[in-house]
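Undergrad: Pasting in a structure now, in structure tokens, and then I'll have a few things to ask.
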Amino acid sequence: MNAYVLRRLLGLVPVLIGVTLLIFFLTRVIPGDPATAMLGQRAAPNLVQRLRTDLGLDRPLFLNLNAARETGDVTKVFDSQYFSYMAGLLSFDLGRSIYTLIPITESLAHRFPATFELTIAAMLIAVIVGIPAGVLAATRRGTVSDTAIMLLALSGVSFPVFWLAIILIYLFAVVLGWLPPSGRLSVGMNLEPITGMYVLDALLRGQFRVAADAARHLVMPAVALGTIPLAIVVRMTRSAMLDVLGQDYVRTARSKGLQERRVVRVHALRNALLPVITVIGLSFGSLLSGALLTETVFSWPGIGRWVYDAIAARDYPVIQGGVLFVAVMFAVVNLLVDLTYAFIDPRIQYS
Amino acid sequence: MKKLMTALLALAFLGFVSAQTLVMGVSGYPSSLDSVDSQDGNSLVVSAQITERLVDFVPGGTDLIPSLATEWSANEDATVWNFKLREGVTFHDGTPFNAEAVKFNVDRWNDPNNEYSGRDEGKTFVPWGWVFGGPLGEGNLIQEVTVVNDYEVQFTLTQPAPFLPALWAAVYFQFDSPTAVKEAGVAYGTPSVGSVGTGPFKFVEWIEGERLVLERNDDYWGGPAKVEQLVFRGITEPTARLAELQAGTIDIAVLLSVDDLATVENDPNLKVAIPETELNVGYIAMHQGTEPLDNLLVRQAIAHAIDRDSIIDAFYGGLGVTAGGFIPSTMFGQPDAWPYDYDPERARELLAEAGYPDGFSTEFWYMPVSRPYYPAPQPIAETIASYLAEVGIEVELMTEDWTTYLADYQTGKFPMYMLGWNADYADPDNFLLTFFGPTAPNDLGWTDQETQDLLQQARQVADPDVRAGLYTQIGNNVAAAVPSIPFAHNRTLNAMRSNIDGWVPSPLGYSSVSLHDVTKTE
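For the protein sequence lines, the chains are E and A, in the order given.
The opening position of the first sequence corresponds to residue 83 in this note's numbering, with each subsequent residue numbered one higher.
The opening position of the second sequence corresponds to residue 4 in this note's numbering, with each subsequent residue numbered one higher.
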């Protein structure tokens, strides 16, 4: 088991090197560079030149052959944008944003917990509501409740998140005044973060009023973001359950005289969960890479909007650091999902 | 006893948004509080409360008033300027503000090899290049800064600049504490450090993506501000900003959507704040590197074909003004009337005369982002296209990613395109030189030496009447050659809770409004 995990983690290294190469290449082939993005409409040639020098963009991308030839020093060939970046990476230095000069690690340390908190909340909603609803739809197949649940699930995947978010804000924050419109904490609420997940931190510190405030801020974004995985979980649970409920061993269990509730919960659900866990893992991984629309409408300081803005502004270090981090997260979640299989289904063993 | 407890509890709950805290809802967080290393309104609206400029604008207007400098004078040809500084001012960290501090700041921006410039670590000072040409040896306007005495500083220029005080009034050029800059290095202006200035508010904390807090500077030279604490919240979507304002969780919301004007006006808890004019212009450029746009008659026909008034009525929510030229109508140096009224008949005649009786087809590029001067670029472009179609000109509507767009319009890739401008300082130079100066051959394919010469001449003349005359002449040259069509000047919609007073919208945008005099009553 440990050997398996180690092997999977080692396998990540070439993948991540590939990711850095790919991002480096992709960010540079799209037209426009940080100099044009920053100078905007006033990109006089002298200013462009000065800016490229200040930002270190005047060096070659991968191999600095000129420097090597001119100085006769072969190692100078690595005096390039890519190899400087990789050298920093080895010491966990992801550089600074071109615009804000904030170290990438500082931003990640602040933004990832925000994304993580929102992801957990959204996935909790998806799982707690989604699995029972899927089971209900499967056991009542063809009834009104089945149709109603599946219709709701369909609208969940097809509802534009942006639109849903605006409706939620208008209804619950403006008209009813029950929930704060956006952000993470009310003005005047102070919290010294521990993990960066505010509800948890406030509870850990025993600041219950702050915890309640943070939780109130979390509700609407989590609901808006949770609709998509919720719909997927419902549909997957339903189809997996239907599959399992039609199998021989379930018939056997029923014919033994077991209560239907016990048949569904113990015999069927446990076996139906495997594909459900796979989609939960995939959804979790993709939500961890940030939720652009939800973050935008609710001003949630997560990863998605940060990377998106960086792409628009050609903020290379942020794009590189952000995407690399997301790639690592995705791989880790995948590994965790694979490990969960073994717990759910004893027939699966990793060695 | 129970009543007392209840009352205390109620107080505790009400108390956490105290009357002394003003919450500003802006569209995002600063890129930096090192003002000359930032360039966006969201940065400058915050830094301008902490750090100050030599020269300021009168609240709600564009006339210059003293700030950290009290008076200024130039030699005859405006190449050497002396600025007297306000005495007895200290930075928030106790460092005295004096001529040495001014020299330290200007050298840091102007000299690329300055020990404290931080350019080798990624500081760029982009606005310095925009307004002052570039750093030393690379197009610089400022050659030398000399300390005359503790409270007088002298700027020696590379060429005459009669409008130098207006340049110093541009919102970027705020002075930072030399001690703080030296100490923080490249991290100066980032969330972990903030900034240190002489202004009415002091930096407290900035939590990335969540909030930025300032507190009142009780020792401010202009007297203490009215509110104790300022909180800035970046709320990306205009709809969400309005919702926050309606819910009472912010006090002032800037840059709302014009579609919401009626909502704000009908809400008894809110009031609108719209500047009388705003220094921006949107235009339709025609690149003469593409046929048949190199033909004057064709460009005139296009100008006659578009009904600007109707489009502005439809898309600017009553806040837009049809542009009579490329400078806002309140500025000196106005051109004579724009000679191209909406007249499709005349447009067709001109096209026929130019040899295109059946029209022609070309590409029309529209901006992928909305700006005050083009609040809804795509629908506006579609409407323009339909007007052009009426006279026989078929345009294919195109767009691309904004950064790419900014790089491409200078290459002649776009035959016709939309673009615009928000001013840095209130002078025709900031508009006309930008559009029709040295970059015009690239941007417009327009090479008119006379206009180029006039633009340079107007920069260097001290007499205001002579300058005004030169800019009128330049405006008339542009109207005659129609390298581009001025479209609209727009104003932005801001709103506040009805218990807020003293927020005076500025023609230079929300980032130029001081929060020193803003009051909040219960």
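Glycine included, C-beta positions come from ideal geometry on N, C-alpha and C.
1. For a contact meaning CB atoms closer than 9 Å, what does residue 379/E contact in chain A?
2. Please list, in chain order, all residues of the same chain as residue 21/A whose beta carbon is under 7 Å from its beta carbon, the five residues on each side excluded.
3. Does residue 129/E have its Cβ less than 8 Å from a Cβ in chain A?
4. Mind listing the chain E neighbours of residue 249/A? Cutoff is C-beta to C-beta under 7 Å, in chain order.
5. In whole angstroms, what separates the C-alpha of residue 10/A from that of residue 252/E?
6. Nearest to residue 340/A by alpha carbon, out of 355/A, 116/A, 142/A and 476/A?
7. Residues of the stretch 421 to 434 of chain A with a CB closer than 8 Å to any CB of chain E: list them in chain order, please.
8. Residues in the same chain with beta-carbon distance under 6 Å from residue 423/E, minus the five sequence neighbours each way, listed in chain order, please.
9. So within the stretch 24 to 103 of chain A, which uninterrupted beta strand (DSSP E) runs reach at least 3 residues, ignoring any that extend past its ends?
10. Reducing DSSP to helix, strand and coil, say where residue 357/A ends up.
11. Rounded to whole angstroms, what's the CA-CA distance from residue 240/A to residue 512/A? Just pull it up for me.
12. In or out: residue 120/E buried (at least 16 other Cβ within 10 Å) or exposed?
13. Quick one: what does DSSP say residue 489/A is sitting in, helix, strand or coil?
14. In the DSSP assignment, the beta strand (DSSP E) including residue 102/E goes from what residue to what residue?
15. Interface residues of chain E around residue 268/A at Cβ under 8 Å?
16. Would you give the residue range spanned by the alpha helix (DSSP H) that residue 244/E belongs to?
17. DSSP state of residue 366/A, grouped into three classes?
18. Is the stretch 306 to 315 of chain A close to the stretch 365 to 372 of chain A, with three or more CB pairs under 8 Å?
19. Helix, strand or coil for residue 503/A, going by three-state DSSP, please let me know.
20. By DSSP, does residue 174/E sit in helix, in strand, or in coil?
21. Quick one: what's got a C-beta closer than 8 Å to residue 363/E's C-beta in the same chain, skipping five residues either side?
22. Using only alpha-carbon positions, find the residue among 112/A, 135/A and 163/A that is nearest to residue 184/A.
23. DSSP puts residue 219/A in a beta bridge; with which residues?
24. Under the rule that 16 or more other beta-carbon atoms within 10 Å means buried, what is residue 14/A, buried or exposed?
25. With 8 Å as the threshold, decide whether the Cβ of residue 34/A is near any Cβ in chain E.
26. Which whole-angstrom value is the C-beta distance of residue 86/A and residue 156/A, which I expect to be below 8 Å?
27. By how many angstroms is the C-alpha of residue 188/A removed from the C-alpha of residue 119/A?
28. Residue 157/E: buried (16+ other C-beta within 10 angstroms of its C-beta) or exposed?
29. Decide if residue 83/E is buried, meaning its Cβ has at least 16 other Cβ atoms within 10 Å, or exposed.
30. Short of 7 Å Cβ to Cβ, which residues in the stretch 149 to 176 of chain A face chain E?
31. If the cut is a Cβ gap below 9 Å, which residues of chain A does residue 248/E touch?
32. Bridge partners for residue 419/A per DSSP, in chain order?
33. Do residue 248/A and residue 28/A have their C-beta atoms within less than 8 Å of each other?
34. Output the distance between the C-alpha atoms of residue 220/E and residue 325/E, rounded to the nearest integer angstrom.
35. Report buried or exposed for residue 8/A, applying the criterion of at least 16 other Cβ atoms within 10 angstroms of its Cβ.
36. Measuring CA to CA, which of 479/A, 408/A, 471/A and 402/A is closest to residue 439/A?
TA: Taking the geometry as given:
1. 239, 240, 242 and 243, listed in chain order.
2. Legend: pLDDT at residue 21/A = 48, less than 50; position of this residue unreliable, value from coordinates given subsequently. Cβ within range, chain order: n/a, list empty.
3. So, interface residue.
4. Simply 256.
5. Because residue 10/A sits at a pLDDT of 49, beneath the cut-off of 50, its placement in the model cannot be relied upon, and the following sentence gives the value as read from the coordinates. About 31 Å.
6. Among 355/A, 116/A, 142/A and 476/A, the Cα nearest to that of residue 340/A belongs to 476/A.
7. 422 and 424: these are the residues of the stretch 421 to 434 of chain A whose beta carbon lies less than 8 Å from some beta carbon of chain E, given in chain order.
8. Excluding sequence neighbours, residue 423/E sits near 430.
9. Whole beta strand (DSSP E) segments, 3+ residues: 24 to 29, 58 to 60, 67 to 69, 72 to 77 and 83 to 88.
10. In this structure, residue 357/A counts as coil in the three-state DSSP scheme.
11. Cα atoms of residue 240/A and residue 512/A: separation of roughly 18 Å, rounded to the nearest angstrom.
12. With a threshold of 16 other beta carbon atoms within 10 Å, residue 120/E meets it and is buried.
13. Correct three-state label for residue 489/A: strand.
14. Looking at the DSSP string, residue 102/E is not in any beta strand (DSSP E); the run it does join, the alpha helix (DSSP H), is 84 to 111.
15. Chain E residues near residue 268/A: none, gap ~16 Å exceeds 8 Å.
16. From DSSP, the alpha helix (DSSP H) with residue 244/E extends over 243 to 250.
17. The answer is strand: DSSP assigns residue 366/A an E or B state.
18. These segments do not touch.
19. Note: residue 503/A maps to strand in three-state DSSP.
20. Note: residue 174/E maps to coil in three-state DSSP.
21. Taking residue 363/E as the centre and dropping the five residues before and after it, the same chain places the C-beta of 415, 416, 418, 419 and 422 closer than 8 Å to its C-beta, in chain order.
22. Scanning 112/A, 135/A and 163/A for the CA closest to the CA of residue 184/A turns up 112/A.
23. The partner list for residue 219/A (beta bridge, DSSP) reads 204/A.
24. Note that residue 14/A has pLDDT 46, beneath the 50 cutoff, so the model's placement of it is unreliable and no number is given.
25. Yes - at least one Cβ of chain E is within 8 Å of the one on residue 34/A.
26. Taking C-beta atoms under 8 Å as the contact rule, residue 86/A and residue 156/A qualify, at a distance of about 5 Å.
27. Residue 119/A and residue 188/A have their alpha carbons spaced roughly 7 Å apart.
28. So residue 157/E ends up on the exposed side.
29. It counts as exposed.
30. Those would be none; no residue qualifies.
31. The answer, in chain order, is 240, 242, 243 and 246.
32. DSSP lists 289/A and 367/A as the beta-bridge partner residues of residue 419/A.
33. Closer than 8 Å, so yes.
34. Distance between the alpha carbons of residue 220/E and residue 325/E is about 9 Å.
35. Any reading at residue 8/A needs caution, since the residue's pLDDT is 49, under 50, leaving its predicted position unreliable; the model's value is listed next. It is exposed - the Cβ of residue 8/A has fewer than 16 other Cβ atoms within 10 Å.
36. Nearest of 479/A, 408/A, 471/A and 402/A to residue 439/A, Cα basis: 479/A.
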